[in-house]
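Chemist:
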Amino acid sequence: MLKNKEINLEDFRDLSNLEGIEYTFMSERGLQKLSYAEYLADLDLRAMVNNIDRYKLIMGRTIFSYSMKYLAEKPAVAQNLRDFEEAQRQNPLRFFAPSGQQALDFLNDYDNSLCILTACNRFGKTQTMLIKKLINCIPCDPKWEIFTKYGVKHRPFRGAKNIGLASYELDFHTDTLLPMILDWAPKHELGKYAKDFKGKGARKVTMRVDPTLELESGTKFMFSAMSQSQGKFEGNVKHDWGWDEQGSEAAFDGADERTRTYAAGRHDFAMTPHKVEGRPDTGAGSWINKLYSGESTKGHSIGIYQGQVWDVPDWIYPEKSKVQAFEKWVAEPMRTMNDKARREGESRFFGKWHESSGLVIDEWDSTKHVIEPFEIPSHWTRVRGVDHGDKHPAACLCCAVSPAGDLFVYRDWLRTGLLASQVAKEIIEACGNDRKRIGSYRNPKTDVMYDKYQEVMSGEHFAWTVFDARAFSHTTKDSGLTLAKLYNMAGLKVKQGSGKDSDHYVPIMKEWFGLDLDKTHFSSGEKGAPRIYVFNTCTNFIKTIKRWVWVERKTKSSERLAKESPTKNEDDLMDCLKLIIQNNPKYIGNPKSVDGDFYDGLDDYECASRRKYKPLDSRTGY
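In the numbering used here, each residue's number is its place in the sequence shown (first place is 1) plus 378.
1) From residue 711 to residue 522, what distance separates their C-alpha atoms?
2) Secondary structure at residue 458, three-state DSSP: helix, strand or coil?
3) DSSP on residue 647, reduced to helix/strand/coil?
4) Hey, quick one: how far does the alpha helix (DSSP H) through residue 615 stretch, first residue to last?
5) Using alpha carbons as the reference points, say which of 612, 590, 769, 648 lies closest to residue 631.
6) Hey, residue 965 and residue 779 are a contact pair by Cβ (cut 8 Å); roughly how many whole angstroms apart?
7) Do residue 685 and residue 729 come within 8 Å of each other at the CB atom, strictly closer than that value?
8) Quick one: what does DSSP say residue 444 is sitting in, helix, strand or coil?
9) Residue 684 bridges to which residues according to DSSP?
10) I need the DSSP call for residue 390, collapsed to helix, strand or coil.
11) Have a look at residue 399 and residue 590 and give me their C-alpha separation to the nearest angstrom.
12) According to the neighbour-count rule (16 or more other Cβ atoms, all chains shown, within 10 Å of its Cβ), is residue 447 buried or exposed?
13) Which value, in whole angstroms, describes the spacing of the CA atoms of residue 840 and residue 834?
14) Span of the beta strand (DSSP E) holding residue 591?
15) For residue 486 and residue 679, I'd like the C-alpha separation in whole angstroms.
16) If you count every other CB in all the chains shown that lies within 10 Å of the CB of residue 439, and 16 or more means buried, which is it?
17) To which residues of the same chain is residue 805 closer than 8 Å at the C-beta, ignoring the five residues directly before and after it?
18) Residue 646 to residue 565, Cα distance in whole Å?
19) Grouping DSSP H, G and I as helix and E and B as strand, with all else coil, what is residue 396?
20) Let's see if you can read the secondary structure: which residues bound the alpha helix (DSSP H) around residue 791?
21) On a Cα-Cα basis, can you pick out the residue from 531, 614, 923, 527 that is closest to residue 512?
22) So residue 483 is in the alpha helix (DSSP H); what residue range does that whole segment cover?
23) Would you kindly work out how many angstroms separate the C-alpha atoms of residue 784 and residue 770, rounded to a whole number?
24) Which class does residue 1002 belong to by DSSP, given the choice of helix, strand or coil?
25) Strictly by DSSP, which residues pair up with residue 635?
26) CB-CB under 8 Å to residue 1048, same chain, minus the five flanking residues each way: which ones, in chain order?
27) Return the residue from the list 477, 492, 426 that minimises the CA-CA distance to residue 406.
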């Protein structure tokens, strides 16, 4: 247990995104050029920079820090600082410096038409996304420090653009995105929206009347919210879109179609990839994660970037605040072995995808459940679950039960567009087995003759293969026979599973995936282990469980019900697992085992206690 173990922040600090970056510090000590690691090691300098009683000015990666007494004695220095302040006030964009290499790469990526920047809370990801939009839609001087010192590529001005900005609510624009644009855009671009425009004060943007900010160069920022109608994303044609946090798929699809009017149409996402309460389409089970992982493209070339909390210097995100966030999101969940809190913490602190968020099996943790393949001992009990598909894929899941009662998913199989007889044949072959013809069957309704086969388990022996209960009662249109009969005739002998829906069995499935903190993990040897493991070669299953999310049930009148149900989209392999777990898989040995070990009718525990197995695998002990 980690309950009393000290979790040291320094063990988790990663400055790799800051390698090669140099900061300039100006103070009474003179000019110093240091890496960020060197700055952290200089405790006196850190104290000076973060002392609220001292004068501080941050201009990109140049940090000025002086005592008020020193400036009073050095009027020339004070005047220079006032000149710098005014230059920055007039054009803050000129001095912008990205936080780390990932943010810089995101800013410079115009080769990909869709870019995703994930990062922790307080990274400045929204700010970075807006900077990218600004430098691409207004005239910028290539001599500005942002281009000459901080690695950002200059983009020649190619005319005004319509920029769509999307967030959850219009209030988010009012409170966050709009103020950021007003803070970072050059004052000459803001015109009437500048705070001191002709001494009259700034013109306001009214989000619910005219949610548009037009710059002097002609570029327009148009604000939309996911809470608005779909028409807000399909109305005015936009050159570019900027997405603050995780937008809805419908909103994106509508917006994307309108950008295709322009060859240069593109999207930039800035988000913390955690589960948003009430939004099952967020987190690792989301459509955006499919883009991030490369599973889907929506017709775009995609660039992915991940910023870290460590990329943000402490004069922007104080070390004290980082320590507090680390304790909340990392240290405490680790000490209490709270895996759900840990996974959310990894998203909020490290900017990783909140893997189990919104998932039906939110106990899923790839670091715990996914293991390297190994040769399964011959006496372990093998079982299969099969789900037939017409319009959707046919699926099969092969599992092995260890003497300890753990379930190992070692093979997944998916095919589309096959007849029942073809599915059965291919599953048998995928398991390394053969078929032998044992007779024929004449269908009395159609007078069609069928060959009857039997599976020869020369490769793998299965105690049973379970099939959806509906396949034993529903007949196919062409043959008039049940699917179960067609499978059995093709050699794949199937038994009837339960006909109850997923809702009934989800709690049972979750128990299998949940961690027993007193149990030793099969691979790592650490405390905290599930009852089910998945070979990393089962890529389709892993994708499926990470896409199996809760969706809202609706009545025929489209009224929302309080209850949610697991999605039926791309859930075929989960149906296979459901069928297997319904059948209560147990270790009963294997009558085809090379050592002759098999279930002899004894109680499972008695059976296991009476036998001694020769070690076959260093990790299994069997």
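All C-beta atoms, glycine included, are put in the ideal place defined by N, C-alpha and C.
All values reported here derive from a predicted model rather than from experimental measurement.
Modeler: Quick look at the numbers:
1) 45 Å
2) helix
3) strand
4) No alpha helix (DSSP H) contains residue 615, which DSSP labels as neither H nor E.
5) 612
6) 5 Å
7) yes
8) strand
9) 496
10) coil
11) 37 Å
12) exposed
13) 11 Å
14) 590 to 592
15) 15 Å
16) buried
17) 762, 764, 774, 791, 870
18) 24 Å
19) helix
20) Residue 791 -> not in any alpha helix (DSSP H); beta strand (DSSP E) instead, spanning 785 to 793.
21) 531
22) 478 to 486
23) 30 Å
24) Past the edges of the chain, shown from 379 to 1000, lies residue 1002, and the structure says nothing about it.
25) The partner list for residue 635 (beta bridge, DSSP) is empty, contrary to what the question assumes.
26) Given that the chain is displayed from residue 379 to residue 1000, the structure contains no residue 1048 and the question cannot be resolved.
27) 426
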